[in-house]
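Enquirer: Below you'll find the structure I mean.
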Amino acid sequence: MTLSLSQQVQVAARKHLPIYYASSTVSRPLLTPWNAFRELEKVELQPDGFLASPANPELVEQTAAAHLEEMQTEACWTLSDSNRRGLQALLEASQAHDFPLYIALGPVYEGLLEEPPFQACWRNLHRELADLAISCPQAHLLIDEPLGFAREDMENDVHLTRTSAPRYTEHLARQILAFRQRAVVGRPGKPFL
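At position 30 of the sequence shown the residue is numbered 35 (this note's numbering), and the sequence of numbers has no breaks.
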């Protein structure tokens, strides 16, 4: 059997990039590299380097459905090896240089919050982060419950728009302030277990 170049790229992407293959951001340039520069022309970086994307309610629903299907048919989300190594390096630096390290799971589409497969995966990932955070006295795991946002506030089911991101940032800032206040009165924050 002989595969075309496009088919070879598809097979390689599915094999080596299984999580990312469903993402058009990754798969489209792999499958049609001649169009990649056309896509780059549409990119509008903000002066501060932020790549703002508009709300995309339809994409939010599509990616949420794809993630739910993935959660029902495959193992729950876990930290990738590269993310685990990166977090471990941050934990080591936090201990070596005595600075606080705040770890938080990102925002999600509120439509996922009531779905049992999502809840199980979220708890699993949260527990995994908590196990890592507990090894470092300077590390604090924020957000014990997933923070949901309306589809009109999101680019996809796990990324906020620039206009809704400040609400998430304010929530994180309140969580950090709460940890600091507990530490002042002798009750340091503990990761959720």
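Glycine included, every Cβ here is placed at the ideal spot set by N, Cα and C.
Measure the Cβ-Cβ separation of Ser140 and Asp158 and say whether it is below 8 Å.
Expert: no
Enquirer: Please confirm whether Leu134 and Leu146 have their CB atoms less than 8 Å apart.
Expert: At the C-beta level, Leu134 and Leu146 come within 8 Å of one another.
Enquirer: With three or more beta-carbon pairs closer than 8 Å as the criterion, would you say the region 53-64 touches the region 75-90?
Expert: No, the region 53-64 does not touch the region 75-90.
Enquirer: Leaving out five residues on either side along the sequence, give the residues of the same chain with a beta carbon under 6 Å from the beta carbon of Ala138.
Expert: Excluding positions up to five away in sequence, the list reads Ile108, Ala144, Leu146, Pro196.
Enquirer: According to DSSP, simplified to helix, strand and coil, what is Asn61?
Expert: Asn61 sits in coil when the DSSP states are folded into three classes, being neither helix nor strand.
Enquirer: What whole-angstrom Cβ distance do Ser99 and Leu106 have, given they're in contact under 8 Å?
Expert: 4 Å
Enquirer: Using alpha carbons as the reference points, say which of Asp149, Leu96, Asp136 lies closest to His176.
Expert: The candidate whose alpha carbon is nearest that of His176 is Asp149.
Enquirer: Can you check whether the CB of Asn129 is closer than 8 Å to the CB of Thr68?
Expert: It is not a contact, given that the beta carbons lie outside the stated cut-off.
Enquirer: Looking only at its chain, what residues have a beta carbon closer than 6 Å to the beta carbon of Ile181, apart from the 5 residues adjacent to it on each side?
Expert: Tyr107
Enquirer: Assuming Ala155 and Glu115 form a contact by the criterion Cβ under 8 Å, report the distance between their Cβ atoms to the nearest whole angstrom.
Expert: 6 Å
Enquirer: Along the chain, where does the alpha helix (DSSP H) that runs through Leu137 open and close?
Expert: 121-138
Enquirer: Kindly identify the DSSP beta-bridge partner or partners of Leu165.
Expert: Met159
Enquirer: Find the nearest neighbour of Ala71 within the set Ala94, Val16, Val163, Pro52, judged by alpha-carbon distance.
Expert: Val163
Enquirer: Exposed or buried, which one is Val113 when buried takes at least 16 other CB atoms within 10 Å?
Expert: buried
Enquirer: Cα-Cα, which of Asp136, Arg167, Cys81 is closest to Pro121?
Expert: Cys81
Enquirer: Compute the beta-carbon to beta-carbon distance between Val16 and Leu8, rounded to the nearest angstrom, for a pair I have assumed lies under 8 Å.
Expert: 7 Å
Enquirer: Do you know offhand how far Pro171's Cα is from Asp136's?
Expert: 28 Å
Enquirer: Considering only C-alpha positions, which residue in the set Leu165, Cys126, Arg179, Thr166 is nearest to Thr83?
Expert: For the residues Leu165, Cys126, Arg179, Thr166, the minimum Cα distance to Thr83 belongs to Cys126.
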